[in-house]
Amino acid sequence: MSLSNLYDPEKFRQNGHALVDQLADYLLRLRQHSDEEKVLNYRTPDECYTLMNELMDAPAGQGVATLFEPFLREIIRMHHPAYLGHQTSVVAPLAALSELAGSLLDPGIGVFEQGNIGVVLERIITERLAALAGWPEGASGFLTSGGTLGNLTALLCARQVMAGGDVWKNGVGHQQLAFMASEQSHYSVERAVRTMGLGEKGLIKVPVDRQYSMKPEALEQCLREANAGGTKVLGVVASSCATATGSYDPIGPIADFCEANKLWLHVDGAHGACVLFSKKHRHLLDGIERADSFILDFHKMLMTPKLVTAVVFRNGKNAFETFHQKASYLWDRDEEQEWYNLGKRTYELTKSFMSIRVYALWKAYGPAIFEENVDALFSLAQRFNELLQAQPDFETAVENPESNILCYRLIHSDWTPEKTNEVNAAIRQRLVEEGKYFIVQTRLDDRLFLRSTVINSATGEAQMEGLISEIRRLGSLIA
Ligand SMILES: Cc1ncc(COP(=O)(O)O)c(C=O)c1O
Numbered sequence: 297m298s299l300s301n302l303y304d305p306e307k308f309r310q311n312g313h314a315l316v317d318q319l320a321d322y323l324l325r326l327r328q329h330s331d332e333e334k335v336l337n338y339r340t341p342d343e344c345y346t347l348m349n350e351l352m353d354a355p356a357g358q359g360v361a362t363l364f365e366p367f368l369r370e371i372i373r374m375h376h377p378a379y380l381g382h383q384t385s386v387v388a389p390l391a392a393l394s395e396l397a398g399s400l401l402d403p404g405i406g407v408f409e410q411g412n413i414g415v416v417l418e419r420i421i422t423e424r425l426a427a428l429a430g431w432p433e434g435a436s437g438f439l440t441s442g443g444t445l446g447n448l449t450a451l452l453c454a455r456q457v458m459a460g461g462d463v464w465k466n467g468v469g470h471q472q473l474a475f476m477a478s479e480q481s482h483y484s485v486e487r488a489v490r491t492m493g494l495g496e497k498g499l500i501k502v503p504v505d506r507q508y509s510m511k512p513e514a515l516e517q518c519l520r521e522a523n524a525g526g527t528k529v530l531g532v533v534a535s536s537c538a539t540a541t542g543s544y545d546p547i548g549p550i551a552d553f554c555e556a557n558k559l560w561l562h563v564d565g566a567h568g569a570c571v572l573f574s575k576k577h578r579h580l581l582d583g584i585e586r587a588d589s590f591i592l593d594f595h596k597m598l599m600t601p602k603l604v605t606a607v608v609f610r611n612g613k614n615a616f617e618t619f620h621q622k623a624s625y626l627w628d629r630d631e632e633q634e635w636y637n638l639g640k641r642t643y644e645l646t647k648s649f650m651s652i653r654v655y656a657l658w659k660a661y662g663p664a665i666f667e668e669n670v671d672a673l674f675s676l677a678q679r680f681n682e683l684l685q686a687q688p689d690f691e692t693a694v695e696n697p698e699s700n701i702l703c704y705r706l707i708h709s710d711w712t713p714e715k716t717n718e719v720n721a722a723i724r725q726r727l728v729e730e731g732k733y734f735i736v737q738t739r740l741d742d743r744l745f746l747r748s749t750v751i752n753s754a755t756g757e758a759q760m761e762g763l764i765s766e767i768r769r770l771g772s773l774i775a
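Sequential numbering of the sequence shown, starting at 297, is according to this note's numbering.
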């Protein structure tokens, strides 16, 4: 194979047609025969390692279909209606095609001279999100690779704006700086704080209520204790929603507290800020209009390939405070706020062409498609919850889940708390190994729960009821 063959347009055409046929057949199979298809052909990590090593060394075979066939066999099937696991997107086929286009064109999005329309789209997308959040003109942002990096970038900005000195230039010094977030905040918040050199004391964990939402009335005392210990609190992170249970922190009262104490308010909406698109569920974000920054992952409920995270600032100019770095090979005027040279505000420089994935769905179907998906997933989750509540031998962590995440487990009056944990962990392991359903697990107050995100609008009552029966069957075998 010569290099020029590698770039042969006709070969690409042939391979592309073959690949799309193969993927369309895969989707069709899952749609028509999901009962016979597993969600996952489980292998241990070591078995996967051996398999993939053998595959790498085996002769390539003919045609693109052979190249990808093992992936379709081995990969977890996100489009399977019995996929009820982690909260990552079930990709809309059009968004996958946009990814193909984006990957082939692949301009590199760090600066305008190379990323042009990709750069501009990031501004347009984040301005539209800002408008949905009720923010005034001047609000803006960019896209980045994932919620973890999104939280870090927003909090780096908050630190620079709120620390009361040029931390970017002089470092954090001796004063302990900190952010506050609920005990249920995603670990990326704590990781961001520690990455900033603020250490263990850099994150003050605010207690949660029985729904696992932050208790805003506890903020005052947390702040008083921090101040008394010489810690300067810079801001509060509201989880919208918390990863484990899908509970939303009440942004309004948190915003009152932040306003009264002149603190930055960041909303970690990686999973749940997508309700910005939903008239029915928008109220869960009431108060976001008073926040300083938020993030939203399109690659969770909004059906784009991973990763696309929007990082949005109410005062778009703040984002220019975060990093001050000279880079004459990229831009000449270090001091100027050139919105179109994204690298001035983003942690990343070269990025994938992620805006094309959002553009494709937004342009082709309108933002109503996001609303439809969010509403569908929330309503399916509500139905799943009703079914769970009706089972006398199941308990849930939260009686009325606010989003599409559910934590539940099998219980029995004879079981000790330890045994309940062990049985449920064993059930989950067996479920995943058998491959008919995919669910995950989490611990809440030392209680192990089975956890599902209803993320596929094709999931129906058949899967929910089937999963409940399967858990019960495995429970009676294991206990
Ligand atoms: C609330 C929240 N924040 C941040 C993240 C991290 O996002 P990512 O996995 O895209 O880095 C997650 C991931 O589940 C999340 O649920």
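Where is the CB? At the ideal position from N, CA and C, for every residue including glycine.
query                                                                                                                : result
Cβ-based neighbour list, Gly-583, same chain, cut-off 6 Å, excluding 5 preceding and 5 following                     : Ile-547, Gly-548, Ala-551
Alpha helix (DSSP H) runs wholly inside the stretch 416-467, at least 4 long, in chain order                         : 443-458, 463-466
Beta-carbon gap between Ser-536 and Ala-569 smaller than 7 Å                                                         : yes
Among Asn-337, Met-348, Ala-378, Ala-320, the one whose alpha carbon lies nearest that of Asp-331                    : Ala-378
Counted within 10 angstroms of its Cβ, other Cβ atoms place Pro-346 as buried (16 or more) or exposed                : The question names Pro, yet the displayed sequence has Thr at residue 346. So Thr-346 counts as exposed.
Where Gly-357 sits in the DSSP three-state scheme                                                                    : coil
Leu-530 in three-state terms, based on DSSP                                                                          : strand
Distance cut-off 6 Å: Ser-748 Cβ against heavy atoms of ligand 3                                                     : With respect to small molecules bound, the structure shown includes ligand 1 and not ligand 3.
Rounded straight-line distance, which links the Cα of Ala-427 to that of Asp-342                                     : 48 Å
Test item: CB-CB of Gln-507 and Val-694 under 7 Å                                                                    : yes
Where Asp-593 sits in the DSSP three-state scheme                                                                    : strand
From Leu-706, Glu-350, Lys-732, residue whose alpha carbon lies closest to that of Ala-722                           : Leu-706
Alpha carbon of Glu-395 to alpha carbon of His-470, nearest angstrom                                                 : 46 Å
Beta-carbon separation (whole angstroms), Leu-390 vs Leu-598, contact threshold 8 Å                                  : With a Cβ gap of about 13 Å, Leu-390 and Leu-598 do not count as contacting.
Test item: CB-CB of Ala-677 and Asn-696 under 7 Å                                                                    : no
Entirely enclosed beta strand (DSSP E) segments - the stretch 593-631, minimum 3 residues                            : 605-609
N- and C-terminal bounds of the alpha helix (DSSP H) containing Val-485                                              : 483-491
Counted within 10 angstroms of its Cβ, other Cβ atoms place Tyr-655 as buried (16 or more) or exposed                : buried
Asp-689: first and last residue of the uninterrupted beta strand (DSSP E) it sits in                                 : First-last for Asp-689: undefined, no H or E at that position.
CA nearest to the CA of Gly-542, picked from Leu-559, Ala-514, Val-504                                               : Val-504
Nonlocal neighbours in the same chain, by C-beta distance under 7 Å from Leu-519, ignoring five residues either side : Val-529, Asn-557
Cβ neighbours of Thr-422 in the same chain (closer than 7 Å, five flanking residues each side left out)              : Ser-436, Gly-437, Phe-438, Ala-606, Val-608
7 Å Cβ cutoff met for Gly-531 and Leu-499                                                                            : no
Where the alpha helix (DSSP H) through Gly-548 begins and ends                                                       : 547-557
Nearest-angstrom Cα separation, counted from Thr-444 out to Val-728                                                  : 27 Å
Spatial distance of Ala-266 from Lys-647 (CA atoms)                                                                  : Lying outside 297 to 775, the shown extent of the chain, residue 266 is not represented and no answer is given.
Paired residues, beta bridge with Leu-744 - DSSP                                                                     : Arg-739
Endpoints, beta strand (DSSP E) assigned at His-562                                                                  : 560-565
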